[in-house]
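Asks: Residue numbers 239 to 412, in this note's numbering, belong to the letters of the sequence shown in order. One structure, as structure tokens, below. Some questions next.
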Amino acid sequence: MSVSLIDYELLNEADIQELHERGVVLPLRYDQIKHYLPHRYPFMLIDRVTACRPNEWITGYKNISINEELFNGHFPDNPIMPGVLMVEAMAQLSGILGFISASQTSDDGYLYLFAGVDKVRFKKLVMPGDQLVIRSKTLMNKRDIYKFECTAHVDGQLACSAEIMIARQKVGNN
Numbered sequence: 239m240s241v242s243l244i245d246y247e248l249l250n251e252a253d254i255q256e257l258h259e260r261g262v263v264l265p266l267r268y269d270q271i272k273h274y275l276p277h278r279y280p281f282m283l284i285d286r287v288t289a290c291r292p293n294e295w296i297t298g299y300k301n302i303s304i305n306e307e308l309f310n311g312h313f314p315d316n317p318i319m320p321g322v323l324m325v326e327a328m329a330q331l332s333g334i335l336g337f338i339s340a341s342q343t344s345d346d347g348y349l350y351l352f353a354g355v356d357k358v359r360f361k362k363l364v365m366p367g368d369q370l371v372i373r374s375k376t377l378m379n380k381r382d383i384y385k386f387e388c389t390a391h392v393d394g395q396l397a398c399s400a401e402i403m404i405a406r407q408k409v410g411n412n
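Okay, here's the thing in structure tokens:
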């Protein structure tokens, strides 16, 4: 299987059709992801979305490169990805799932904002050259508050896990 299609085999024809009806064709690359996330370099932490079942789960990844600015200070002689950025990447992927599930993009005048995090565990160092595979599963959705069970793996080993809460907010004059 191609790296760019992680978990794609878990989708069935009905899933593909539902995504198509929402205007989603996998994998999502930067030019499509930027319509779901208001973030931009260096803070957009999702490189690809490889699989998604709206209202249920999503898979994506971040390629970790030594060229990222964060490694100038964390730590120059032993570069490791900060845990808080792994958690942020989980929140960003969860926000994309929220948008896809609602058949919306950030262009529709909404943001998904970080609302909370519980049960965070860090299990493995993430370093330049790694690919951080992130999965988010919907646990709850009540009145524009969402809770997700998230994991991040490198080479099949758990690097981080957390329960992420995000809130959908209307922004601007839309």
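We treat Cβ as the ideally placed atom computed from N, Cα and C, and that holds for glycine. Fair warning: this is a prediction, and the values are worked out from it, not measured in the lab.
Can you tell me whether Ser341 is buried or exposed? The criterion is at least 16 other CB atoms within 10 Å of its CB, across all chains shown.
Replies: Here residue 341 corresponds to residue number 103 of the sequence shown, with the count starting at 1. The residue in question, Ser341, is exposed, as its Cβ has fewer than 16 Cβ neighbours within 10 Å.
Asks: If you draw a straight line from the alpha carbon of Gln369 to that of Gln330, how long is it in whole angstroms?
Replies: Counting from 1 along the sequence shown, the entry for residue 369 is found at position 131. Counting from 1 along the sequence shown, the entry for residue 330 is found at position 92. Rounded to whole angstroms, Gln369 to Gln330 spans 16 Å at the Cα level.
Asks: Which residue or residues does DSSP assign as beta-bridge partners of Phe386?
Replies: Locating residue 386 in the sequence shown gives position 148, where the first residue counts as 1. Bridge partners of Phe386: Thr376, Ile402.
Asks: In terms of residue numbering, what span does the alpha helix (DSSP H) encompassing Ile338 cover?
Replies: Position 100 of the sequence shown, counted from the start, is the residue given in the question as residue 338. Segment 321-339, the alpha helix (DSSP H) holding Ile338.
Asks: With three or more beta-carbon pairs closer than 8 Å as the criterion, would you say the stretch 359-379 touches the stretch 312-328?
Replies: Yes: at least three Cβ pairs fall under 8 Å.
Asks: Could you tell me the alpha carbon to alpha carbon distance between Asp285 and Met378, rounded to whole angstroms?
Replies: By 1-based counting over the sequence shown, the position of residue 285 is 47. By 1-based counting over the sequence shown, the position of residue 378 is 140. Rounded to the nearest angstrom, the two C-alpha atoms are 26 Å apart.
Asks: So, for Arg406: in the same chain, excluding its five sequence neighbours on each side, which residues have a beta-carbon less than 7 Å away from its beta-carbon?
Replies: By 1-based counting over the sequence shown, the position of residue 406 is 168. Cβ neighbours of Arg406 beyond the five flanking positions: Gly336, Tyr348, Tyr350, Asp382.
Asks: Check whether the Cβ atoms of Pro328 and Cys290 lie closer than 8 Å to each other.
Replies: Residue 328 sits at position 90 when you count from the first residue of the sequence shown. Residue 290 sits at position 52 when you count from the first residue of the sequence shown. It should be pointed out that residue 328 corresponds to Met in this sequence rather than to Pro. Contact: no.
Asks: Using CA atoms only, rank isn't needed, just tell me which of Pro314, Arg373, His391 is closest to Gly333.
Replies: On the sequence shown, residue 333 is found 95 positions in, with the first residue counted as 1. It is Arg373.
Asks: Might you give, ordered along the chain, the residues of its own chain that have their beta carbon closer than 6 Å to the beta carbon of His312, omitting 5 neighbours on each side?
Replies: Position 74 of the sequence shown, counted from the start, is the residue given in the question as residue 312. So the list reads Pro320, once near-sequence residues are dropped.
Asks: Given a threshold of 16 other Cβ atoms within 10 Å of its Cβ, counted over all protein chains shown, does Gly298 qualify as buried or as exposed?
Replies: Walking along the sequence shown from the start, residue 298 turns up at place 60. It is buried - the Cβ of Gly298 has at least 16 other Cβ atoms within 10 Å.
Asks: With respect to the beta strand (DSSP E) encompassing Tyr299, which residues constitute its N-terminal and C-terminal limits?
Replies: By one-based count along the sequence shown, residue 299 stands at place 61. Note, Tyr299: beta strand (DSSP E), 295-301.
Asks: Going by C-alpha distance, which of Thr288, Ile402, Glu326, Pro280 is nearest Glu307?
Replies: Here residue 307 refers to the residue found at position 69 of the sequence shown. The shortest Cα separation from Glu307 among Thr288, Ile402, Glu326, Pro280 belongs to Pro280.
Asks: Can you check DSSP and say which residues form a bridge with Phe352?
Replies: Position 114 of the sequence shown, counting from 1, holds the residue named residue 352. According to DSSP, Phe352 bridges with Ile404.
Asks: Report yes if the C-beta distance between Glu251 and Thr376 is below 8 Å; otherwise report no.
Replies: Position 13 of the sequence shown, counted from the first residue, corresponds to residue 251. Position 138 of the sequence shown, counted from the first residue, corresponds to residue 376. Contact: no.
Asks: With DSSP collapsed to three states, give me the class of Met239.
Replies: The residue you call residue 239 lines up with position 1 of the sequence shown. Reliability fails at Met239, whose pLDDT of 45 lies under 50, so the model's placement of it is uncertain and the value that follows must be treated cautiously. Looking at Met239 - three-state DSSP - the assignment turns out to be coil, as it is neither helix nor strand.
Asks: How about Val355 and Ile402: do their beta carbons lie closer than 8 Å?
Replies: By one-based count along the sequence shown, residue 355 stands at place 117. By one-based count along the sequence shown, residue 402 stands at place 164. Yes, the pair counts as a contact, with Cβ atoms nearer than the cut-off.
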